[in-house]
Ligand SMILES: Nc1ncnc2c1ncn2[C@@H]1O[C@H](COP(=O)(O)OP(=O)(O)OP(=O)(O)O)[C@@H](O)[C@H]1O
Ligand SMILES: Nc1ncnc2c1ncn2[C@@H]1O[C@H](COP(=O)(O)OP(=O)(O)OP(=O)(O)O)[C@@H](O)[C@H]1O
Ligand SMILES: [Mg+2]
Ligand SMILES: [Mg+2]
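Residue numbers (our numbering), protein chains in the order written: chain A, 1 to 228; chain B, 229 to 456; chain C, 457 to 818; chain D, 819 to 1180; chain E, 1181 to 1438.
Spelled out as structure tokens, the structure:
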């Protein structure tokens, strides 16, 4: 229990002192997961709207598959990306292994099913009359999608936050394809994992708390934006 | 790339041969995450309905906090549970460290915010007139909650699947409080992490594929139930 | 003390800091049919939601069957189980028509057999029996409204609230539903509170009517009272008294008064003294048009020219300019018989008793 | 070839494998006001959705302004940008009233200044200007309907579709909206297609009416035609011809025929030959009641007793039993003058020209 | 951009902090960005075989030799060593204190009452454990399935130590990790002597013949750096400040014999 308390104290100290190393990895964590979340959102919001608003054979199956991928283990995604981009792999020439780029690619693969699935389920709650009304007022397919997403904005945002949360909190993937290189690919979660294996549980807990603080800030910002 | 193919072949072989060791850890993975998902669902569905249908000061903040916890890193939850239940911890006497019980507790903590947050956002999509109609026809608070959840069943189910997916795919927590003990607390994900650290990528990938197959089956079953 | 089934004491409701319903005191008696009429945005729905205990008033108290149910949760549920409500924009649950109608009964823990029987009966009453197995979401507007009515009837409420119950129905379905309502009102002594903008519906079904405008109840009374003796100009306008003339009482002889309407003198029956500023209200259907001045007992006859003619269903509305504008309604047949046409000279006649006098600025 | 603005060729729609609209061939001409009337579930909404290109027909083709828009996505969008639709159950977007009304214009990429001006104008027309900054979700039923109408008007459509546009409105708002519609119809030559169960609304506004029942258009024609010469019994019933008598033509003298209605003889004008089985349709407002048989020119006079009397607005419906049941409508005033009462003996009179004859089983 | 050199290292070596200590010195000297990858022995070797890194630094002699023999590595260069320890609860219920490693294992096996926590992850440490069982005359498969007392953790060194402390069991550990974890643990060293406990760390450059893309030049620089006298001295003193004793004995390219 003392560890919890000390963890909290350490976290506060690190935050207040703006510890440069902590700030650096926190910034990197945020940058990487914000990038992957943005890319995934740009793919999934329109795709989700298209899937939602069209009837086609196999739609139900597609949604099932997407939802199944909610269970993608990070390390499996890490393996997949590794096997793909490693020097010996099919697209190894790009030389992006153990760089933030590989981490972003992995995170996009990891969270896209989440954002896509939750976007579709958020849209499923919108009265069909909303889309009808938009169409009847001359909205194009895209415009209809935008207004429908807007009506479901609370649930859509929850889906985006979930995707971001999954990205910033994952570790298996980052370790596997990022390698936890100090000053280059080390993020808060890989640092937590390092500190844990080094036995510095307080510092690990403190980093966990800092991660949650970052998530909270992002959350508040997104909510502010949504409410406008 | 060959690893991917070999991983697939290995997965199929392991599944077809009903490899006893694989079956055992798969069964354990499923049992643990199904238990924690059920517990979390029993907590979060009613709680979500209560939060959704009541107005109270700080509601928005509460939801923000819940959504922030979407970013809980598994290893941080693991540390938290570890510190709580370890011999030196405040409730160390229970002697549940490195048992499936500790893993279930940790997973419930990890996925409850997810199920709660997504339940609330699923309900946010339901026309307010649904609850009004139910109340005006004499539904009690609980009955109103049930019918409202039922109207949002697609999105509610997506939330439950997300929670389950998070539970069955997480690894940091299971390693930390379960300990990856062969024959006792080893699950598919901890086995994947072990095989990866051993460098047996094919087997790790094969286990990943098996995990996804399990998730798919669960998914189809839940969808079948929902459609009834 | 005779007890009203529902009684409100000074209830009000506000949204966004603004009172949209103010100090409503209303008694609904057991077994009566009470209709709320009023224009769009008057507060009808808001008031029904308070009476049905869907919302808690911002101020004041609601009594049901003698109990204060303003904010006691369990009392409110108990009371609500004795009522049901057909919302203005009826929604159905995403399930079969049968299950929709069965919901209220299930929530009251009725036996399956009872439920089956009552659901069938309610669907028959609403003429929706053949739709029993359809998913309710696929119904048309009018069908949805009828399912909502069946659903409310199925629980055999003591009080039935209806918010524009026939807004989406054609005349034939409307009269069917009105028959059903008349039937349950007569047979089961159900108390009915309805909001309607269809005044003739109010007239046909209601024992008492309340006219609500801008969040205030301006007048309550029997349909006859409301329609023939509105107490305020706004009410008069709303219930279709198209002739509202402002004048001053200039003479009186017992009850018979003479009113000066911008130079034209009208005779009417009233208690108001000489000098009182009043409105003279005349329903257009109380005005007779004739080509010649005839020697009838009617006190008021004015000569004028027809300014406009427009048909409304089986009737024709005729605007006569006779120093002041007068609107008369005659049947199509009479219009043809009299060969009424714009600019034609006619005599408009009405009895002194057909003029209803109210004070101005009240 | 004069081209209809919208033309449908054999369009049909099916849900769950069942045709609920069959082989509809309809031309909507530029600038006309076309009203679809029909009972609940007839298929009015379904047909409007097909015409507005919200749905693709299961069979047949839709032409807009000469182009086949049955299933070409981009042509459909182009065509739809020239239309707008007020849905039967209007929904508003969860944003301010202003933004709701501005949506259609934004989607057409109009300039902000134009948008501001057109939104204000549309809200004024719908009498909703004071609500401009309110969140549209907080509006009452009638207010919501008016916003939906403003939203549809704001885009200045060539074709305006209205599905029960005044279902939730009180009489005063209804006439305001009808005035607005009359105005845009007259001023802007907008083509209007509306579904309504309010027949007098159809009569007031429409150039042409189509009667739809069970997914089929039974008759189209001018309001006068539909109301006075319905061609099928179902249409007659629906448009309020309450007297539908079955009989056989037993005699004819030029155009004047005699019909035997179960022993009672009625005279009417018709081309049908002797022996033809027909329905005789008589509108209740074409029947005069009198205490004495008078020497009018009317061919048909029947003696009977009053079976029932019930008031409807300014009118009274009187059921007379004179060998067969006859329903007459008189004004309240005449009812009083004649002191009509149940069981009283009266003479019911109607002209031969007031009887409309249609063949049975067609 | 800047030249980078990627080194995959085992967690037990990284966790001591030695790499963090040496990295800036090397970067300064050679003007290169040194990327230290944090990985288990198995995956570190895998990275090497696939050419995703330029150098590996591990401690599993047999596998390293195989790695070089298969042509993935240029040469195995030992640069430091220390000893493994058998640690256990202070009370030492099995009574193995100061026994030889083999005898200690035999005692634990016979008693079958106190837990023994094995890494069970094919790491260097796990390899060493297997070697001790073999030397004590047991078939490892038989040990694995001998009973509840033998716990396969399947985890890194630190967590395995935590687990041993929680369960009040015994385990084999490298000294570096043990020292850095000491404050979290209720465990003490019980067996510290025995030739078999020797733990040698070596570096291997990835063969440019297998993977032409690797940075062999800089890899050789790193190896030269690690075996240079000054750095050997730094390694020999590393840990004195923090733990009061050195963690490593430098051995400059030669396999230690004792
Ligand atoms: N998805 C569906 N499955 C089965 N039947 C349907 C479906 N959608 C509509 N219908 C049926 O088609 C018929 C026509 O519906 P429509 O909404 O066009 O009627 P309407 O004339 O507009 O009626 P109302 O006046 O009640 O609005 C109705 O009987 C309706 O139940
Ligand atoms: N949340 C809100 N915020 C502000 N004003 C509101 C809110 N809810 C309702 N109102 C206003 O209160 C007034 C009364 O609404 P109510 O729904 O009771 O009207 P109504 O008489 O039922 O009208 P209608 O005949 O159009 O259904 C309306 O003017 C409406 O705009
Ligand atoms: Mg209302
Ligand atoms: Mg309709």
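Yeah, the Cβ is synthetic: ideal placement off N, Cα and C, and Gly gets one too.
- The beta carbon of residue 56 of chain A is closer than 8 Å to none in its chain, skipping five residues each way along the sequence.
- One Cα belongs to residue 636 of chain C, the other to residue 661 of chain C, and the distance between them is close to 11 Å.
- Within the DSSP bridge table, the entry for residue 1015 of chain D names no partner.
- Per DSSP, the beta bridge partners of residue 1097 of chain D are D:1064 and D:1176.
- When the five nearest sequence neighbours on each side are left out, the beta carbons in the same chain lying within less than 7 Å of the beta carbon of residue 899 of chain D are those of 926, in order along the chain.
- Under the DSSP assignment, residue 1237 of chain E falls in the beta strand (DSSP E) whose first and last residues are 1235-1238.
- Here the alpha carbons of residue 717 of chain C and residue 733 of chain C stand approximately 10 Å from one another.
- Taking a Cβ-Cβ cut-off of 7 Å, residue 1386 of chain E has no neighbours in chain B, whose nearest Cβ is about 15 Å from it.
- Minimum Cα-Cα distance from residue 982 of chain D among the listed residues D:961, D:1016, D:957 and D:1005 corresponds to D:1016.
- The C-alpha of residue 61 of chain A is placed about 12 Å away from the C-alpha of residue 117 of chain A.
- Apart from sequence neighbours up to five positions away, the residues of its chain that approach residue 1041 of chain D with a beta-carbon distance below 7 Å are 1020, 1021, 1024 and 1027, ordered along the chain.
- The Cβ-Cβ distance between residue 760 of chain C and residue 810 of chain C does not fall below 8 Å.
- Closer than 7 Å to some heavy atom of ligand 3: that does not describe the Cβ of residue 364 of chain B.
- Taken from the Cβ of residue 619 of chain C, at least one heavy atom of ligand 3 lies inside 7 Å.
- Straight-line measurement puts the Cα of residue 70 of chain A at about 10 Å from the Cα of residue 396 of chain B.
- By alpha-carbon distance to residue 643 of chain C, the top candidate from C:473, C:477, C:487 and C:482 is C:487.
- At a cut-off of 8 Å between C-beta atoms, residue 139 of chain A counts as an interface residue with respect to chain D.
- Here residue 315 of chain B is exposed: its Cβ has fewer than 16 other Cβ atoms, across all protein chains shown, within 10 Å.
- Uninterrupted alpha helix (DSSP H) stretches at least 4 residues long and entirely within the segment 540-608 of chain C occur at 553-563 and 568-581, given in chain order.
- Taken in chain order, the unbroken stretches of alpha helix (DSSP H) that lie wholly in the segment 97-165 of chain A and span 4 residues or more are 100-124, 128-136 and 141-151.
- Counting other Cβ atoms within 10 Å of its Cβ, residue 639 of chain C stays below 16 and is therefore classed as exposed.
- Scanning C:702, C:741, C:710 and C:740 for the CA closest to the CA of residue 722 of chain C turns up C:702.
- Look at the segment 375-397 of chain B: the residues with a C-beta under 7 Å from a C-beta of chain C are 375 and 379.
- Under a criterion of Cβ atoms nearer than 7 Å, the residues of chain E adjacent to residue 181 of chain A are, in order, 1215, 1216 and 1217.
- Identification of chain E residues near residue 418 of chain B by a Cβ-Cβ cut-off of 9 Å yields 1334 and 1335, ordered along the chain.
- Look at residue 501 of chain C: its beta carbon is less than 7 Å from one of the heavy atoms in ligand 3.
- Against residue 135 of chain A, the close residues of chain D are 872 and 898, in the order they occur along the chain (beta-carbon pairs closer than 8 Å).
- At a Cβ-Cβ threshold of 8 Å, residue 784 of chain C and residue 763 of chain C do not count as neighbours.
- With respect to chain B, the C-beta atom of residue 684 of chain C has no partner C-beta closer than 8 Å.
- Separation of residue 1418 of chain E and residue 1198 of chain E (C-alpha to C-alpha, rounded to the nearest whole angstrom) is 7 Å.
- Burial check for residue 944 of chain D: the Cβ neighbour count within 10 Å reaches 16 or more, so the residue is buried.
- For the segment 1293-1317 of chain E, the residues whose beta carbon sits under 7 Å from a beta carbon of chain B are, in order, 1300, 1301 and 1302.
- For residue 1184 of chain E, the pairing in a beta bridge is given by DSSP as E:1213.
- The beta-bridge partner set that DSSP reports for residue 773 of chain C consists of C:766 and C:785.
- In this structure the segment 1310-1327 of chain E does not touch the segment 1337-1350 of chain E; the number of beta carbon pairs closer than 8 Å is below three.
- Comparing C-alpha distances from residue 973 of chain D to each of D:935, D:1118 and D:1134 shows the shortest one belongs to D:935.
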